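One structure below.
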Amino acid sequence: MLIILLGLLLVGALITKLNTPEPKADSQWKQHLAQENQGMQQNLNQMKGNDAYANYLKSEIAINQYRIDHNLEPAQGTTLWSFVEDSTSIMILVISIFTIIVVSTSIASEFNTGTIKLLLIRPIYRTEILLSKYIAALLFALLSLVVLFLFSWLIGGIFFGFGGADEVHLSYIGGEVQETSWTLAIWKEYLLHGASLCMMVTLAGVIASLFRNGGLSIGLTIFLLMGSNTILTLISKYEWVKYVLFANLDLTQYDNGTQLREDMSLGFSLGVLAVYYVIFVICGWLFFTKRDVKA
Amino acid sequence: MSRSVEEKKPAVKLEHVTKKIGGKTIIDDLSFEIYKGEVFGFLGPNGAGKTTTIRMLVGLMKMTKGNIFIQGHSIKGEFKEAIRQVGAIVENPEMYKFLTGYQNLKHYARMIPGIDKKRIDEVVKLVELEERINEKVKRYSLGMRQRLGVAQAMLHRPSVLILDEPTNGLDPQGIHDLRNYLHELAYKEGVAVIVSSHLLSEMQLMCDRIGIIQKGKLLGVESVNDFVHQGGEKVRLTVDDGAMAAKVIHQKLAMESASIETETIEIEAGREKVPVIIDTLVHANVKIYEVVSVTQSLEDRFLEVTGGKALV
Ligand SMILES: Nc1ncnc2c1ncn2[C@@H]1O[C@H](COP(=O)(O)OP(=O)(O)OP(=O)(O)O)[C@@H](O)[C@H]1O
Ligand SMILES: [Mg+2]
Numbered sequence: 027m028l029i030i031l032l033g034l035l036l037v038g039a040l041i042t043k044l045n046t047p048e049p050k051a052d053s054q055w056k057q058h059l060a061q062e063n064q065g066m067q068q069n070l071n072q073m074k075g076n077d078a079y080a081n082y083l084k085s086e087i088a089i090n091q092y093r094i095d096h097n098l099e100p101a102q103g104t105t106l107w108s109f110v111e112d113s114t115s116i117m118i119l120v121i122s123i124f125t126i127i128v129v130s131t132s133i134a135s136e137f138n139t140g141t142i143k144l145l146l147i148r149p150i151y152r153t154e155i156l157l158s159k160y161i162a163a164l165l166f167a168l169l170s171l172v173v174l175f176l177f178s179w180l181i182g183g184i185f186f187g188f189g190g191a192d193e194v195h196l197s198y199i200g201g202e203v204q205e206t207s208w209t210l211a212i213w214k215e216y217l218l219h220g221a222s223l224c225m226m227v228t229l230a231g232v233i234a235s236l237f238r239n240g241g242l243s244i245g246l247t248i249f250l251l252m253g254s255n256t257i258l259t260l261i262s263k264y265e266w267v268k269y270v271l272f273a274n275l276d277l278t279q280y281d282n283g284t285q286l287r288e289d290m291s292l293g294f295s296l297g298v299l300a301v302y303y304v305i306f307v308i309c310g311w312l313f314f315t316k317r318d319v320k321a
Numbered sequence: 141m142s143r144s145v146e147e148k149k150p151a152v153k154l155e156h157v158t159k160k161i162g163g164k165t166i167i168d169d170l171s172f173e174i175y176k177g178e179v180f181g182f183l184g185p186n187g188a189g190k191t192t193t194i195r196m197l198v199g200l201m202k203m204t205k206g207n208i209f210i211q212g213h214s215i216k217g218e219f220k221e222a223i224r225q226v227g228a229i230v231e232n233p234e235m236y237k238f239l240t241g242y243q244n245l246k247h248y249a250r251m252i253p254g255i256d257k258k259r260i261d262e263v264v265k266l267v268e269l270e271e272r273i274n275e276k277v278k279r280y281s282l283g284m285r286q287r288l289g290v291a292q293a294m295l296h297r298p299s300v301l302i303l304d305e306p307t308n309g310l311d312p313q314g315i316h317d318l319r320n321y322l323h324e325l326a327y328k329e330g331v332a333v334i335v336s337s338h339l340l341s342e343m344q345l346m347c348d349r350i351g352i353i354q355k356g357k358l359l360g361v362e363s364v365n366d367f368v369h370q371g372g373e374k375v376r377l378t379v380d381d382g383a384m385a386a387k388v389i390h391q392k393l394a395m396e397s398a399s400i401e402t403e404t405i406e407i408e409a410g411r412e413k414v415p416v417i418i419d420t421l422v423h424a425n426v427k428i429y430e431v432v433s434v435t436q437s438l439e440d441r442f443l444e445v446t447g448g449k450a451l452v
């Protein structure tokens, strides 16, 4: 599976490389940034309500201003770090799918093949067996993230030059712009995506324990993962949508100004996810340990 | 064949075990005991509930009522202590197909402390899989998988060995070896062995006691010898007048007979009585066409007990 991950990264890098023209040095970048800021400022002034988007614009303006003030020219075209950043969300989706396959197979397939019987008649509690399968899947996800980081960095470097490696990352924290490391920024993004990854993997585990059928569990969870956005748009006008699992899965919404509802926040989402998580864990545990094994 | 059971503390004890699934009673109030050093046969037609009972014995299924104790530990309350004593095959011995036989055994060995490489090699040798043990299980034949299943069950030297239809798929040599091995385990090492099977002739040779189960009910537990001989020997006579013959035998010899057809009667009697019977009948002018001595096999007896239900 990790090989497939690498393959996808390579293909992605190739396509990006072939589709983007050689970046030309922009001698007037300061003017361009200033213009951009003016546009955003106008937007900001006209806007009412939507605090999330306003905050996002404010941070973009501040960062652009910081670049002008400190003579930090923004990189043109794709660089090592922008490649790493751009691959994040799609590659983590791929990792999610792989981990869903891993957890579903490891929990449910043993019921299909019948090997679960010989496993459960050892002096080990079912809880321990379930837990070790779950932890193994999460470790697989973590390993995949590390591999993703290292290799997207490496491939990004090979294709777009290692020169970009020491580029600084600007972030807008508490009303002021700070220079931070890209590594930190990327891992923060991994962490935000990781919440969704972890929830979906846990859900897959619950479905696998319930139906004891690997294929069904893989199919259903991936369907939910892919279809969740469509479902969300259909129900997004209702007030209660904010309590729906899928509305809270994407934590990056609080970072890039695309949050679903004004009355939601990072803390709120984390709370909702925590409640779902506890329910998932209890259900999965009950389904796995309390039912007869008829395999 | 029968061995005395010295220790009266049961290795396995079932107390009023009942299992209902969806309102249907599959196992109905099963109570019996199995002692160390004996091979216990669990006999019953298809769907009688043998596998279901074994699933409850090893904790794969919960009992609706009752309790099971293994070496004094309740499978419900002290699962780890109880199951540590048990080695088992439930239905088919399914192993990880993508691993070799050896890797499978190593996998199970890791889950119970105190099993070293030497022990793994030992059980492999025991089931005579040395030559093929490093091949992937998906390339094994049914009999080889059965052997690997037995190896897996014995890995941790259990004091209770439970095998669900272990002879399924074994060749005659394999069955012979398994039987010898189970006898050795039981009589030399004092293991309590539980075997389920439909192969009655096989049970006759393999087991000391058998419990017969039908439609989830225990019909009885008996030693194999008693079981076979209880039915006793019979003499079957074909004569010109069955009713007349029966009357004569009843009056002169005080023996009961059953009429099979009008001209055929069956008398409960051993070989030694045959000349007297013939003599008596000849004197009473009954014409005898045929005399057959009938010994009841375990199979006949089994059919008799289970009400003639066909077996597969
Ligand atoms: N999961 C289940 N749900 C409902 N009924 C079941 C279930 N499993 C088994 N049964 C029923 O329980 C009865 C006993 O089945 P079991 O498998 O224990 O029989 P068995 O004695 O092992 O038969 P065989 O000789 O064919 O292996 C059967 O009538 C079967 O239909
Ligand atoms: Mg069975």
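Protein sequence lines correspond, in order, to chains A and B.
For our numbering, count along the first sequence from 1 and bump the result up by 26.
For our numbering, count along the second sequence from 1 and bump the result up by 140.
Just so it is clear, CB atoms sit at the ideal spot from N, CA and C, and this is done for glycine as well.
Since we're looking at a predicted model, the values are computed, not measured.
*Would you identify the three-state DSSP class for residue 156 of chain A, choosing helix, strand or coil?*
Residue 156 of chain A: helix per DSSP, three-state reduction.
*Spatial neighbours of residue 176 of chain B in its chain, beta-carbon cut-off 6 Å, leaving aside the 5 residues before and after*: 147, 151, 330, 332
*What does residue 147 of chain A reach in chain B if we use C-beta pairs closer than 8 Å?*
Per Cβ cutoff of 8 Å: 198, 199, 200, 223, 226, 228, 230.
*Please go through the same chain and pick out, in chain order, the residues whose beta-carbon is closer than 7 Å to the beta-carbon of residue 321 of chain A, but skip the five residues on each side of it.*
137, 140, 142, 143
_Cα-Cα separation between residue 256 of chain A and residue 301 of chain B, rounded to whole angstroms_ = Each residue's Cα considered, the two are about 55 Å apart.
*asked:* In this structure, how does DSSP classify residue 424 of chain B when only helix, strand and coil are distinguished?
replied: coil
*Compute every distance between the C-beta of residue 191 of chain B and the non-hydrogen atoms of ligand 2, then say whether any falls below 8 Å.*
The answer is yes for residue 191 of chain B.
*Reducing DSSP to helix, strand and coil, say where residue 365 of chain B ends up.*
helix
*Neighbour-count burial assignment, residue 190 of chain B, 16 or more Cβ in a 10 Å radius*: buried
_Residue ranges of each alpha helix (DSSP H) within the region 169–202 of chain B, 4 or longer_ = 190–197
*For the region 259–283 of chain A, which residues have a beta carbon sitting closer than 8 Å to at least one beta carbon of chain B?*
none
_Contact between the region 127–137 of chain A and the region 220–229 of chain B (3+ Cβ pairs under 8 Å)_ = no
*How would you label residue 39 of chain A, buried or exposed, when you count the other beta carbons within 10 angstroms and need 16 or more for buried?*
Answer is buried; the Cβ neighbour count reaches 16.
*Heavy atom of ligand 2 less than 8 Å from the Cβ of residue 305 of chain B, yes or no?*
Yes, the Cβ of residue 305 of chain B comes within 8 Å of a heavy atom of ligand 2.
*Extent of the continuous alpha helix (DSSP H) to which residue 151 of chain B belongs*: No alpha helix (DSSP H) holds residue 151 of chain B; the beta strand (DSSP E) holding it covers 150–161.
*For the beta strand (DSSP E) that contains residue 379 of chain B, what are its first and last residues?*
373–379
*Whole-Å CB distance - residue 173 of chain A paired with residue 31 of chain A, under 8 Å assumed*: 6 Å
_Test: residue 157 of chain A CB closer than 9 Å to a CB of chain B_ = Residue 157 of chain A is outside the set of residues whose beta carbon lies under 9 Å from a beta carbon in chain B.
*Taking only heavy atoms of ligand 2 into account, decide whether any of them is closer than 8 Å to the Cβ of residue 231 of chain B.*
yes
*So is residue 104 of chain A buried or exposed if we call it buried at 16+ other beta carbons inside 10 Å?*
buried
_9 Å Cβ cutoff met for residue 434 of chain B and residue 406 of chain B_ = Using a Cβ distance threshold of 9 Å, residue 434 of chain B and residue 406 of chain B count as a contacting pair.
*Taking residue 274 of chain A and residue 298 of chain A to be in contact with their CB atoms under 8 Å, please state how far apart those CB atoms are, rounded to whole angstroms.*
About 5 Å separates the two Cβ atoms, so the contact holds.
*Alpha carbon to alpha carbon, how far is residue 354 of chain B from residue 363 of chain B? Give it in angstroms, no decimals.*
18 Å
*Are any of the Cβ atoms in chain B nearer than 9 Å to that of residue 151 of chain A?*
Residue 151 of chain A counts as touching chain B.
*Compute the Euclidean distance between the alpha carbons of residue 250 of chain A and residue 200 of chain B, then round it to the nearest angstrom.*
Approximately 32 Å, taken between the alpha carbons.
*Rounded to whole angstroms, how far is the Cβ of residue 179 of chain A from the Cβ of residue 106 of chain A, which I believe are closer than 8 Å?*
7 Å
*How long is the line joining the alpha carbons of residue 108 of chain A and residue 41 of chain A, rounded to whole angstroms?*
14 Å
*Using a Cβ cut-off of 9 Å (strictly closer), state whether residue 140 of chain A contacts chain B.*
It does; some Cβ of chain B falls within 9 Å.
*Please state if the CB of residue 442 of chain B and the CB of residue 340 of chain B are separated by a distance shorter than 9 Å.*
yes
*Please check if any C-beta of chain B sits within less than 9 Å of the C-beta of residue 319 of chain A.*
yes
*Contact check, residue 264 of chain B vs residue 242 of chain B, beta carbons under 9 Å*: Closer than 9 Å, so yes.
*Since residue 236 of chain A meets chain B, which of its residues come closer than 8 Å, beta carbon to beta carbon?*
Residues of chain B passing the Cβ test: none, with the nearest at roughly 18 Å.
*Kindly indicate if chain A contains any beta-carbon less than 9 Å away from that of residue 180 of chain B.*
no
*Just confirm the distance between the C-beta atoms of residue 417 of chain B and residue 409 of chain B, as a whole number of angstroms; I'd bet it's less than 8 Å.*
About 7 Å; that satisfies the 8 Å criterion.
_With DSSP as the reference, identify every bridge partner of residue 205 of chain A, one or two as the case may be._
According to DSSP, residue 205 of chain A bridges with A:196.
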